[in-house]
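Asks:
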Amino acid sequence: MTKDLDQLCVNTIRTLAIDAVQQANSGHPGTPMGMAPLAYCLWQRVLRFDPADPIWPNRDRFVLSAGHASMLLYALLHLTGTKAVDAHYEVPGEPSVTLDDIRHFRQLDSKCPGHPEYRWTSGVETTTGPLGQGVATSVGMAIAGRWLAVHFNRPDFSMFDYDVYALAGDGDMMEGLSGEAASLAGHLRLANLCWFYDNNHVTIEGSTALAFSEDVAARFLGYGWNVTRVGDANDLTLLERAIGTFRVCPDRPTLVIVDSHIGYGAPHKQDTSAAHGEPLGEDEVRLAKRAYGWPEDAKFLVPDGVYEHFQRGIGARGRALRMDWVARFERYGRAHPELADRLHRMQQRELPEGWDRGLPRFAPDAKGVAGRDASAKVLNVLAE
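Encoded structure:
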């Protein structure tokens, strides 16, 4: 029964993406269709994330670096019941993404824009779209996690130990930015960082063989990463095992290469560039749904039991982890009140009183002060 529910949830993610792109007459259905099993496995079985409080400080971070596949993330935010966060960083209880938002994918003012936008849609950890940007930002998030642990963790109080996951495509791997970020992550031995590489061999113009033939695994081994591979993107057991390999690797970041099929299930467009950046077309949509065992004419269907299954998985696990952290933070506040106050202010985006005291002032001067020198002086004061 659980296996059937797993597949039902995976196919719900796929069909929501298919229907949203088809209705918008614009978008990228192929990657959500191919990577839905990975997204489901990560969120439902592993991710330390509470949909009821998506800004809980010690949550795991998920970055969709392949931002064009945004419907993959929006489907997850909807199905998990992720709540919206307001401008005051409070959670009033409204959903971040409704089914109606998904129906209005890529429309003006929709909560589901073509590429994920930070603070526009709660649950989006960073804006992505430009290739390489998301994975690079994920390195910064992992460094931040290390910094937070050094500054706030104390004996008997592990306040920060979150992991950062990023989903990247061939386009990300082609960008020099991703290579620079990966090199830094390997150098810093960021064991709290895991990238998933959607290795589907297809770009918007055709096969990756047209312009990209390097050995990605060898490159990342050279960066000092732990590298593992999943040969079938539809095998939830292998996917979970690969994530487990990352979680027990103590001294380096992990790259999980996932061999997938873009547009999985679409009989005429699977494994072709036609599945990348355009709607499948009504006939192909029906054929794909038939391949999934889905009602062919049903649109934006969330079958009975899907919402409840996510609540029993990520919902229950995330709430338990968050409540344990909240209770620990209360004890932490009594033991380390100054640190607790500083952490609270950081979470509220508040600066301490007198934060700008002592900042240097630079008198107008025809010769001027080199920008790098002025910046260094200001940063040194702030660092104190």
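Under my numbering, the letters of the sequence shown match residues 196 to 579, in that order.
Idealized CB from N, CA, C, for every residue including glycine.
It should be emphasised that the depicted structure is a prediction, and the values quoted were computed from it without experimental measurement.
#1: How about the stretch 449 to 457 and the stretch 400 to 410: do they share at least three Cβ pairs that are nearer than 8 angstroms?
#2: Compare the Cα-Cα distances from L574 to each of P559, P555 and K562 and report the closest residue.
#3: Give me, in chain order, the residues of the same chain whose beta-carbon lies closer than 6 angstroms to that of D367; leave out the 5 immediate sequence neighbours on both sides.
#4: Check whether the stretch 290 to 301 and the stretch 207 to 219 are in contact - that is, three or more C-beta pairs closer than 8 angstroms.
#5: Are F352 and A344 touching if we call contact CB-CB under 8 angstroms?
#6: Out of curiosity, what's the CA-to-CA distance linking V187 and L379?
#7: Over the uninterrupted alpha helix (DSSP H) stretch that includes W390, give me the two end residues.
#8: Does DSSP put L259 in a helix, in a strand, or in coil?
#9: Which stretch, first to last residue, makes up the beta strand (DSSP E) that contains V576?
#10: In the DSSP assignment, what are the bridge partners of Y357?
#11: Roughly how many angstroms lie between the CA atoms of Y235 and P249, to the nearest whole one?
#12: Could you tell me the boundaries of the beta strand (DSSP E) in which N303 lies?
#13: Could you check whether G318 and T277 sit closer than 8 angstroms to each other, using their CB atoms as the reference points?
#14: Cutting at 6 angstroms between CB atoms, please list the residues of its own chain near D255, excluding the five before and the five after it.
#15: What number of angstroms, rounded off, separates the C-alpha of L362 from the C-alpha of D478?
#16: As a quick exercise: from H456, V397 and W390, pick the residue whose alpha carbon is nearest that of F407.
#17: Note down, one range per segment and in chain order, each alpha helix (DSSP H) of at least 4 residues found wholly within the stretch 421 to 500.
#18: Going along the chain, which residues of its own chain have a beta-carbon closer than 7 angstroms to the beta-carbon of L233, five neighbours each way excluded?
#19: Should G340 go down as buried or exposed, given a rule of 16 or more other Cβ atoms within 10 Å for buried?
#20: Nearest by alpha-carbon distance to P290: which of Q302, W315, R301 and L267 is it?
#21: Mind the definition here: the stretch 461 to 476 touches the stretch 219 to 234 only if three or more C-beta pairs lie below 8 angstroms; say whether that holds.
Replies: According to the structure data:
#1: no
#2: P555
#3: S260, L326, G327, V330 and S373
#4: yes
#5: no
#6: Any property of residue 187 remains undetermined from this structure, which presents the chain solely from 196 to 579.
#7: Unbroken run through W390 is the beta strand (DSSP E), L388 to N394; no alpha helix (DSSP H).
#8: strand
#9: Note, V576: premise wrong, no beta strand (DSSP E); alpha helix (DSSP H) at G566 to A578.
#10: Answer is none; Y357 lacks a bridge partner.
#11: 17 angstroms
#12: Note that residue 303 is Leu in the sequence shown here, rather than Asn. Counting along the chain, L303 falls outside any beta strand (DSSP E), and DSSP gives it neither H nor E.
#13: yes
#14: L242, R243, F244, Y357 and D358
#15: 30 angstroms
#16: V397
#17: 431 to 442 and 477 to 487
#18: F391, A428, L434 and V453
#19: buried
#20: W315
#21: yes
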